[in-house]
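In this note's numbering, the protein residues as written are 481 to 886. Backbone N, C-alpha and C fix where the C-beta goes; we use that ideal spot for every residue, glycine too.
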Amino acid sequence: MNIGIYGGTFNPIHLGHMAAARYAAQALALDLLYLIPDGVPPHKDLGEGAPTPEDRLAMVRLAAESLHLPRGEAAVSDLEQHRAGKSYTVDTLRALHQKFPKDTLWLLMGTDMFLSFHRWREPEEMLRYCGLCAFSRSQWDREELFRAQREFLERTYGARVTTITLPQLVEISSTQLRALLSEEAPGSEDCRGGKFLAPPVYGYILRRRLYGTGEDLTRLPLAKLRPVALSHLKGSRIPHVLGTEDTAAALARRWGADEETARRAALLHDCTKRLSREEQLALCRKYSIDLDEYEKKELKLLHAKTGAAVARAEYGLSEEAASAIRWHTTGKPDMTTLEKILYLADYIEPTRDFCDLRELRRLAFEDLDRATLLGLTMAVRDLQVKGMVLHPNSVRARDYLKGRLA
Ligand code: ATP
Ligand code: MG
């Protein structure tokens with residue numbers, strides 16, 4: 481296997497890091513790429529008020545899920561966070577060499593790191609374990625500089641060095657980015673720092689109020705609520721939630737509901753879905769949520785209640801929007817227009833392909849009640865066929881509409 485190792489302080493990890501990782505994974509034909517945020521950086525002082533190593537690790541995890549490598553897999557290692565003292569790369573490489581003695585290791589780095597590599601701790605030992613892959617970081621990085629350093633490392637340590645020039649440069653450093661983030665006015669649509677970040681990483685920063693962002697989370701403009709919502713999700717669920725947002729907005733326009741409210745509800749409808757059973761139950765205690773016997777049995781049913789509570793309490797969503805989240809999984813008799821819109825949007829958004837949705841997609845824009853009835857009928861049948869927990873609210877919702885439309 482070809483294994484890439486990309487370490488850094490990642491304070492925070494930005495699109496420059498991600499573009500470089502993606503390109504290097506392709507150029508080196510990597511099977512596995514490790515992103516490794518350091519615990520205590522050996523060569524810089526993070527200063528007071530800097531995010532904790534856990535926050536930096538959490539952001540790297542979100543970035544890894546959004547990386548979409550052209551080949552191979554991305555993984556995040558917390559190796560350096562568990563080691564006492566400064567994080568020296570030589571210790572990390574020794575550990576990875578022990579773990580993967582037969583594989584080819586590549587240490588990835590930008591120009592600045594490459595040019596100072598001989599001054600790191602134990603360059604000779606490091607180069608016994610890995611080859612170096614250096615990528616240019618800006619248009620000022622000259623091939624001559626690279627060449628001189630490459631030849632020096634080859635000559636002195638017998639190093640194996642590959643240098644690559646990134647086809648698209650993202651000229652940003654974490655230092656510049658932190659300054660941009662701290663200049664964003666809270667409550668405004670200004671995302672001058674955010675545009676250099678993967679949306680879930682940006683959302684995490686806003687949510688934890690890192691780098692001086694200081695947003696009031698209950699009054700976020702849509703442009704900031706969106707990344708915040710994405711930071712709650714597994715990477716694989718992001719297209720679904722963005723699809724639900726757009727579909728809910730289109731249905732709101734069609735049926736005269738408030739488009740922005742529909743978007744907010746859709747963005748947060750799965751905001752607790754990623755949580756474990758224990759975390760969900762902790763939220764139930766925090767927000768005094770009672771559970772019925774079905775919800776106790778089936779984790780999937782729980783996230784609608786906890787999601788509504790979080791959306792209302794933490795993100796200031798209106799009762800109307802929170803209620804749409806509350807009922808988006810099961811439905812209930814006598815739903816509001818927004819409740820029907822979110823129920824259907826979740827079902828028919830473009831990335832859904834679990835069954836034939838053509839008729840339901842058409843009907844959703846033609847007759848909201850009949851579409852909701854069809855959606856409920858399909859959902860009930862599907863759960864019965866699969867022998868899964870069927871909440872009676874769905875049956876009641878279906879029968880209510882059947883009676884009304886008869
Ligand atoms: P800081 O400004 O805090 O030093 P940084 O942006 O340089 O942050 P680091 O965490 O120090 O980020 O860097 C990790 C690695 O990523 C280093 O090898 C660095 O050379 C490389 N790197 C940083 N920014 C970019 C970028 N825009 N494009 C490509 N590589 C980058
Ligand atoms: Mg740096």
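Work out the CA separation of residue j and residue i for me, nearest whole Å.
i, j, result
"Y684", "E545", "14 Å"
"Q578", "G488", "21 Å"
"S803", "R744", "12 Å"
"L875", "T810", "Leu is not the amino acid found at residue 875; the sequence shown has Val there. Their Cα atoms are separated by approximately 9 Å."
"L512", "Q760", "33 Å"
"K753", "D836", "25 Å"
"H548", "R502", "8 Å"
"Y486", "P679", "21 Å"
"H871", "K785", "14 Å"
"E799", "V641", "59 Å"
"C764", "V869", "20 Å"
"V708", "R574", "38 Å"
"K776", "A762", "13 Å"
"V864", "H712", "The sequence as given places Gln at residue 864; Val does not occur at that position. Answer to the nearest angstrom: the Cα atoms are 30 Å apart."
"K704", "C751", "15 Å"
"Q561", "E663", "30 Å"
"D696", "P666", "7 Å"
"A524", "F594", "According to the sequence displayed, residue 524 carries Lys and not Ala. Between K524 and F594, the C-alpha separation is close to 16 Å."
"T572", "E839", "55 Å"
"K766", "L526", "34 Å"
"T632", "W586", "In the sequence under discussion, the amino acid at residue 632 is Phe, which differs from the Thr named in the question. Roughly 18 Å between the two C-alpha positions."
"I652", "R861", "52 Å"
"L755", "E623", "48 Å"
"G519", "T643", "27 Å"
"S654", "F834", "41 Å"
"A543", "V681", "6 Å"
"Q648", "L677", "16 Å"
"P581", "Y609", "9 Å"
"A564", "A877", "57 Å"
"L686", "P603", "38 Å"
"C671", "R706", "12 Å"
"A614", "A554", "19 Å"
"E605", "V570", "7 Å"
"L537", "E669", "27 Å"
"L702", "L748", "11 Å"
Quick one: residues in its chain with C-beta nearer than 6 Å to the C-beta of residue i, no 5 flanking neighbours on either side, listed in chain order?
i, result
"T645", "S616"
"T724", "A746, A825, D826 and E829"
"L779", "R757"
"A801", "T741, R744 and A745"
"P531", "L690"
"L458", "Residue 458 cannot be examined here, being either before or after the span of the chain that is shown, 481 to 886."
"N873", "T810 and K812"
"L782", "Q760 and E775"
"P533", "G519 and Q561"
"L710", "P679, P680, G683 and I718"
"W735", "T817 and L848"
Excluding sequence positions up to five away, which residues of its chain have a Cβ less than 7 Å from the Cβ of residue i?
i, result
"L844", "The sequence shown places Ala at residue 844, rather than the Leu named in the question. Cβ neighbours of A844 beyond the five flanking positions: L731, L824, I828 and A851."
"T831", "P719, H720 and G723"
"V540", "F490, I493, L515, P517 and V556"
"G715", "E545 and S546"
"A737", "T817, L818 and I821"
"P521", "T489 and S567"
"R841", "I828"
"D814", "Y880"
"R699", "G667 and G796"
"R630", "V641 and T643"
"G576", "As written in the sequence, residue 576 is Leu, which differs from the Gly given in the question. Excluding residues within five positions, the ones whose Cβ falls inside 7 Å are I485 and L585."
"A789", "L763, Y767 and I769"
"Y637", "P603, E604 and L607"
"E634", "V641"
"G673", "L657, L660, L661 and E664"
"H808", "H749, A784, L822, Y823 and D826"
Ordered along the chain, which non-local residues of its own chain (more than five positions away) have a Cβ less than 8 Å from that of residue i?
i, result
"D849", "K820, L881, R884 and L885"
"P550", "R502, A505 and Q506"
"L771", "C764, L782 and K785"
"R601", "P522, Y568, T569 and V570"
* Three-pair Cβ contact test at 8 Å for the region 491 to 509 versus the region 587 to 595 -> Taking one beta carbon from each stretch, the region 491 to 509 and the region 587 to 595 have 3 or more pairs nearer than 8 Å; the two touch.
* Contact between the region 655 to 675 and the region 686 to 695 (3+ Cβ pairs under 8 Å) -> The region 686 to 695 and the region 655 to 675 touch, with three or more beta-carbon pairs separated by less than 8 Å.
* **At least three beta-carbon pairs within less than 8 Å, the region 850 to 868 to the region 793 to 800** => Verdict: no, contact absent.
* Asked: Residue ranges of each alpha helix (DSSP H) run of no fewer than 4 residues wholly in the region 772 to 856, ordered along the chain?
  -> Contiguous alpha helix (DSSP H) elements confined to the region 772 to 856 occur at 773 to 777, 779 to 793, 799 to 806, 817 to 828 and 838 to 844, taking only those with 4 or more residues.
* To do: Mind listing, in chain order, the continuous alpha helix (DSSP H) runs of no fewer than 4 residues lying wholly within the region 591 to 669?
  => For the region 591 to 669, whole alpha helix (DSSP H) runs of length 4 or above, ordered along the chain, are 591 to 595, 603 to 609, 623 to 637 and 654 to 663.
* Quick one: complete alpha helix (DSSP H) runs, 4+ long, within the region 532 to 568? -> Correct list: 533 to 545.
* **Entirely enclosed alpha helix (DSSP H) segments - the region 688 to 772, minimum 4 residues** => Runs found: 702 to 710, 718 to 735, 739 to 748 and 757 to 766.
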